[in-house]
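**Student:**
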C-alpha cells in the first residue's frame with residue numbers, strides 16, 4: 001500500500017475535528033468527513049472535503065479513520081452502535097482514537113479491534129481549535145510502528161508535534177491524562193489566585209501582568225485569565241470538559257489505588273461550577289464558584 | 001538629600017540577601033551588610049562590602065535599610081529586639097521589607113515605624129539566588145512615592161523588574177502572596193503529576209519533555225521537575241518555605257473569610273513532606289509524600 005494514495009476519514013467535525021479534517025484536505029489528502037450536524041458537513045464540503053450522507057459511506061473505503069469525538073461513549077457508538085462502522089471497515093484499517101479517554105478504555109478498545117483485524121493508535125490531541133485549524137496540533141500517540149507509517153500523511157497534515165510515546169496502545173492516553181491533570185489544576189489555581197487577589201483589593205489587570213512574568217505563571221494562567229479579565233465566558237473549552245478529564249485522572253487513581261489530593265480538590269471546583277449552571281461556559285468560569293467577590297464584567301457592545 | 005551619596009544597609013546575607021548586597025556593591029553604592037554567620041560576612045567583605053561587627057554599626061548611618069530575612073519574626077527581632085535597630089535609625093530612614101510576609105504584618109509594621117518617624121516600603125522579591133546574584137530580581141513593591149525615589153539606586157542595582165503595586169504599604173505583600181499561592185500549588189501539582197506518571201509506567205524524562213511543551217506546563221514544572229529527574233533534592237528553595245508561604249495564603253483566607261480549597265490541599269502536601277522529615281530539602285521533595293512509587297535516584301559521583 002502506498003500511503004500517498006490512501007483514503008482518510010475524520011469522524012466528528014467539532015472545533016477540533018473540523019480543523020484536523022480541513023487541514024488534511026488542504027494537504028491534498030483524499031479526506032472524508034462525517035458529523036451529525038449538517039452545518040458542519042456543509043462547511044467541510046465547501047472546503048473541498050468529501051461529505052457523504054452516512055457514516056458508513058464516509059468510512060467504508062478508508063485506510064485510516066480518525067475519531068475526533070467528545071468521549072468514549074461516542075466512540076463506542078460510532079464503532080459498535082446500531083449504525084456502527086467497525087464491522088464494515090476493511091481489514092487492517094487503522095483507527096486513530098483522537099479523543100481524550102482513559103488508558104484502560106484505549107487498551108480495551110485495541111483488543112476489541114484486533115479481534116476484528118483492525119489496528120489502532122491512541123492519539124489524544126492538544127492545542128485547541130486554533131492549532132487544529134492551522135494543522136499544528138500536538139499529538140501524544142502510541143501504537144505499532146507500521147500503523148504510524150500508514151497514518152504518516154495524516155499526522156503530517158494535522159500536527160506540528162507528534163510525540164510517539166510507546167509501541168503499546170494506552171501510552172498516549174496516559175500522557176494526555178497527566179497533561180490534563182496539570183491543565184485542570186492550573187486553571188482552578190489561576191481562578192483561586194485571581195479570586196483571592198480581587199478579595200484582597202488588588203487590580204486584576206495588574207495582578208495578571210505581574211504574575212504572567214513571575215514564577216507563579218503557567219501556560220493556563222496566561223491563556224485563561226484574559227477571559228476572566230474580559231468577563232467573556234463564551235467557551236473555548238468548557239467547564240464540563242474538565243469535569244470529564246479530571247474525572248479520568250481520578251478514575252486512574254482509583255484503578256491504581258493512588259492518592260491524588262490536589263487533582264481531587266480541583267475536580268470539586270469544576271463540579272461546583274457545573275452544578276451552579278456554568279458547565280457549558282469557558283472553563284475559566286470555575287472562578288465563579290468563589291463567593292462574595294465582584295468579577296470584571298463583559299463590556300457591552 | 002542626593003540619592004547618589006546615600007548609604008545603604010542590607011540585613012540578612014543569606015542566598016537572596018547576599019546576592020542583593022553584592023549587586024549593590026558592584027553598582028558602586030556605599031553598602032553595609034550584616035549577618036550572624038561569620039562566613040557570610042567574610043564573603044561580603046571580600047566582595048568590597050562594609051562588614052562591621054554589629055548590627056547597630058551596620059545601620060546607624062543608613063539612609064535605606066533592606067531587610068532580607070526569613071520571616072516576620074526575624075524582622076521584629078532585628079528592628080525591635082534586645083539589640084534592635086529601629087530606635088537608633090535616623091529620622092526618615094526607609095526600611096525595605098524584602099521578606100515574604102502577610103499584608104497585615106506589613107501594614108502593622110508600617111504604622112509602628114511611622115510612629116518612630118521612619119518610612120517603609122514592602123518589597124518582596126522573586127527570582128531565586130541566581131537572579132539575586134546578577135542583580136536581576138523581580139520586586140513587587142508598595143509605599144509612598146518619595147521613598148521609592150530615595151531607594152532608587154538600590155532598586156536599580158538589585159532588580160531587573162520593579163513592579164510598583166500601589167502607594168499604600170501592603171500591596172507588594174498581597175501580590176507576592178498571590179504569586180506564592182500559584183507557585184506552591186504548581187510545585188505540588190507537578191509532583192502529583194509526575195508521581196501518577198511514574199505509577200502509570202511512563203518514563204519520567206519523556207513525560208517532562210512532552211508536558212514542558214504542552215498546555216500543562218508551568219514555570220515551576222519546568223524549573224522543579226529536573227530536580228526530581230536528577231534525584232538531587234539539595235535545596236534551591238526548601239519545602240518549609242512553602243509550609244510558611246502557603247500558610248500566609250491560608251491565614252489571609254481566614255482573615256477575609258474566603259475559601260481556598262486548592263491552596264489548602266497543596267499546603268497539606270508540603271506539611272506531609274515536612275512531617276516526613278523533608279522540610280529542609282528542595283521543595284520538589286514534596287513528591288516523596290506519594291507512596292508506592294520508585295523515583296529516579298541521584299547518580300553516584
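Chains as they are written, first to last, in UniProt numbering: chain B, 1 to 301; chain V, 1 to 301.
C-beta: ideal position from N, C-alpha, C; glycine also.
Ignoring anything shorter than 4 residues or poking outside the segment 29-72 of chain V, list the alpha helix (DSSP H) runs there in chain order.
**Tutor:** The segment 29-72 of chain V contains these whole alpha helix (DSSP H) runs: 38-46 and 55-59.
**Student:** What did DSSP end up calling residue 228 (chain V) once you bin it into helix, strand or coil?
**Tutor:** The count along the second chain starts at 1 and reaches residue 228 (chain V) at position 228. Note: residue 228 (chain V) maps to helix in three-state DSSP.
**Student:** Should residue 163 (chain V) be flagged as near chain B, meaning a C-beta pair shorter than 7 Å?
**Tutor:** For this step, residue 163 (chain V) is matched to residue 163 along the second chain. It does; some Cβ of chain B falls within 7 Å.
**Student:** What do you reckon, are the CB atoms on residue 101 (chain B) and residue 245 (chain B) nearer than 7 Å?
**Tutor:** As a first step, residue 101 (chain B) must be located in the first chain, where it is residue number 101. As a first step, residue 245 (chain B) must be located in the first chain, where it is residue number 245. It is not a contact, given that the beta carbons lie outside the stated cut-off.
**Student:** Name the chain V residues that come within less than 8 Å of residue 233 (chain B), Cβ to Cβ?
**Tutor:** Against the first chain, residue 233 (chain B) aligns to sequence position 233. Those within 8 Å of residue 233 (chain B) in chain V number zero; the least Cβ separation is about 19 Å.
**Student:** According to the neighbour-count rule (16 or more other Cβ atoms, all chains shown, within 10 Å of its Cβ), is residue 167 (chain B) buried or exposed?
**Tutor:** Counting from one through the first chain, the residue named residue 167 (chain B) turns up at place 167. With fewer than 16 other Cβ atoms within 10 Å, it is exposed.
**Student:** Return the chain-ordered ranges of every beta strand (DSSP E) run that is complete within the segment 228-287 of chain V and spans a minimum of 3 residues.
**Tutor:** None, since the segment 228-287 of chain V contains no complete beta strand (DSSP E) of that length.
**Student:** Could you list which residues in chain V have their beta carbon closer than 7 Å to that of residue 199 (chain B), in chain order?
**Tutor:** Stepping through the first chain from its first residue, residue 199 (chain B) is reached at position 199. Simply 256 and 258.
**Student:** Within its chain, find whatever has a CB closer than 6 Å to the CB of residue 51 (chain B); leave out the 5 residues flanking it on each side and keep chain order.
**Tutor:** Here residue 51 (chain B) refers to the residue found at position 51 when the first chain is read from its first residue. For residue 51 (chain B), where only same-chain residues beyond five positions count, the Cβ hits under 6 Å are 33, 41, 44 and 45.
**Student:** Going by DSSP, what residue range makes up the alpha helix (DSSP H) through residue 162 (chain B)?
**Tutor:** Here residue 162 (chain B) refers to the residue found at position 162 of the first chain. No alpha helix (DSSP H) contains residue 162 (chain B), which is instead part of the beta strand (DSSP E) from 159-166.
**Student:** With DSSP as the reference, label residue 202 (chain B) as helix, strand or coil.
**Tutor:** Here residue 202 (chain B) refers to the residue found at position 202 of the first chain. DSSP places residue 202 (chain B) in coil when its eight states are reduced to three.
**Student:** Do the segment 203-216 of chain V and the segment 245-257 of chain V make contact, defined as three or more Cβ pairs closer than 8 Å?
**Tutor:** Not touching, per the Cβ criterion.
**Student:** With a threshold of 8 Å on Cβ separation, who are the neighbours of residue 238 (chain V) within its own chain once the five nearest residues in sequence on each side are excluded?
**Tutor:** As a position in the second chain, residue 238 (chain V) is number 238, starting the count at 1. Correct list, in chain order: 279, 280, 281, 282 and 283.
**Student:** Ordered along the chain, which non-local residues of its own chain (more than five positions away) have a Cβ less than 6 Å from that of residue 161 (chain B)?
**Tutor:** Here residue 161 (chain B) corresponds to residue number 161 of the first chain, with the count starting at 1. Result list for residue 161 (chain B): 138, in chain order.
**Student:** Looking at chain V, which residues of the segment 25-46 of chain B have a Cβ within less than 9 Å of any of its Cβ atoms?
**Tutor:** Correct list: empty, as no residue qualifies.
**Student:** According to DSSP, which residues form a beta bridge with residue 139 (chain V)?
**Tutor:** By one-based count along the second chain, residue 139 (chain V) stands at place 139. Beta-bridge pairing links residue 139 (chain V) to V:125 and V:162.
**Student:** Flag residue 236 (chain B) as yes if its beta-carbon sits less than 7 Å from any beta-carbon of chain V, otherwise no.
**Tutor:** Within the first chain, the letter at position 236 stands for residue 236 (chain B). Residue 236 (chain B) does not count as touching chain V.
**Student:** Could you have a look at residue 2 (chain B) and say whether DSSP puts it in helix, strand or coil?
**Tutor:** To locate residue 2 (chain B), count along the first chain from 1; it is residue 2. Confidence at residue 2 (chain B) is low in this model, with a pLDDT of 39, below 50, so the placement of that residue should be treated as unreliable; the coordinate-derived value is given next. Looking at residue 2 (chain B) - three-state DSSP - the assignment turns out to be coil, as it is neither helix nor strand.
**Student:** Going along the chain, which residues of the segment 196-229 of chain B sit with their C-beta nearer than 9 Å to a C-beta in chain V?
**Tutor:** Listed by position, the residues of the segment 196-229 of chain B near chain V (Cβ gap below 9 Å) are 196, 197, 199, 200, 201, 202, 203, 206, 207, 209, 210, 211, 213, 214, 215, 216, 217, 218, 219, 220, 221 and 223.
**Student:** Using beta-carbon positions only, say whether residue 120 (chain V) and residue 169 (chain V) come within less than 7 Å of one another.
**Tutor:** On the second chain, position 120 is the one that residue 120 (chain V) refers to. On the second chain, position 169 is the one that residue 169 (chain V) refers to. In this structure, residue 169 (chain V) lies closer than 7 Å to residue 120 (chain V) by Cβ.
**Student:** Taking beta-carbon pairs under 8 Å, can you tell me which members of the segment 164-175 of chain B lie near chain V?
**Tutor:** Those would be 165, 171, 174 and 175, in chain order.
**Student:** Short of 8 Å Cβ to Cβ, which residues in the segment 261-277 of chain B face chain V?
**Tutor:** Listed in sequence order: 261, 262, 263, 264, 265, 266, 268 and 269.
**Student:** What does DSSP give as the partner residues of residue 8 (chain V) in its beta bridges?
**Tutor:** Taking the first residue of the second chain as 1, we reach residue 8 (chain V) at position 8. According to DSSP, which records beta bridges pairwise, residue 8 (chain V) is partnered with V:31 and V:64.
**Student:** With 7 Å set as the bound, which would you pick, yes or no: does the beta-carbon of residue 296 (chain B) sit closer than that to a beta-carbon of chain V?
**Tutor:** Locating residue 296 (chain B) in the first chain gives position 296, where the first residue counts as 1. No, its Cβ sits nowhere closer than 7 Å to a Cβ of chain V.
**Student:** Quickly, what does DSSP pair residue 217 (chain B) with across the bridge? List them, please.
**Tutor:** Sequence index remark: in the first chain, residue 217 (chain B) carries index 217 (1-based). Answer by DSSP bridge pairing: none, since residue 217 (chain B) is not bridged.
**Student:** In chain V, which residues lie with their C-beta within 7 Å of the C-beta of residue 139 (chain B)?
**Tutor:** To locate residue 139 (chain B), count along the first chain from 1; it is residue 139. What residue 139 (chain B) touches in chain V: nothing, since even the nearest Cβ is about 10 Å away.
**Student:** Taking only beta-carbon positions, decide if residue 97 (chain V) is within less than 7 Å of chain B.
**Tutor:** Along the second chain, read from residue 1 onward, the residue named residue 97 (chain V) stands at position 97. It does not; no Cβ of chain B falls within 7 Å.
**Student:** Just to confirm my understanding: we take residue 19 (chain V), look at its own chain, exclude 5 residues before and 5 after, and list those with CB closer than 7 Å. What are they?
**Tutor:** Walking along the second chain from the start, residue 19 (chain V) turns up at place 19. Here the set comprises 129, 132 and 133.
**Student:** Residues in the same chain with beta-carbon distance under 8 Å from residue 118 (chain B), minus the five sequence neighbours each way, listed in chain order, please.
**Tutor:** Numbered from 1 along the first chain, position 118 holds the residue referred to as residue 118 (chain B). Once the five neighbours on either side are set aside, the close Cβ partners of residue 118 (chain B) are 86, 89, 91, 92, 93, 94 and 95.
**Student:** If I follow the unbroken beta strand (DSSP E) through residue 97 (chain B), where does it start and stop?
**Tutor:** The residue given as residue 97 (chain B) occupies position 97 in the first chain. Residue 97 (chain B) -> beta strand (DSSP E) spans 94-97.
**Student:** Quick one: what does DSSP say residue 177 (chain B) is sitting in, helix, strand or coil?
**Tutor:** Taking the first residue of the first chain as 1, we reach residue 177 (chain B) at position 177. Residue state, collapsed to three classes: helix.
**Student:** In this structure, does DSSP put residue 116 (chain V) in helix, strand or coil?
**Tutor:** The residue given as residue 116 (chain V) occupies position 116 in the second chain. If DSSP states are grouped into helix, strand and coil, residue 116 (chain V) belongs with coil.
**Student:** Residues of chain V with CB under 7 Å from residue 105 (chain B), in chain order?
**Tutor:** The sequence position of residue 105 (chain B) within the first chain is 105, counting from 1. Neighbours of residue 105 (chain B) on chain V: none; closest Cβ ~14 Å, over 7 Å.
**Student:** Quick one: Cα of residue 299 (chain V) to Cα of residue 292 (chain V), how far?
**Tutor:** Here residue 299 (chain V) is taken as the residue at index 299 of the second chain, counted from 1. Here residue 292 (chain V) is taken as the residue at index 292 of the second chain, counted from 1. The alpha-carbon atoms of residue 299 (chain V) and residue 292 (chain V) are separated by roughly 21 Å.
**Student:** So what does DSSP say about residue 290 (chain V), is it helix, strand or coil?
**Tutor:** Indexing the second chain from 1 puts residue 290 (chain V) at position 290. Here residue 290 (chain V) sits in coil by DSSP.
**Student:** Measuring alpha carbon to alpha carbon, tell me which residue in V:7, V:84 and V:71 is nearest residue 62 (chain V).
**Tutor:** Here residue 62 (chain V) refers to the residue found at position 62 of the second chain. Per the Cα distances, V:7.
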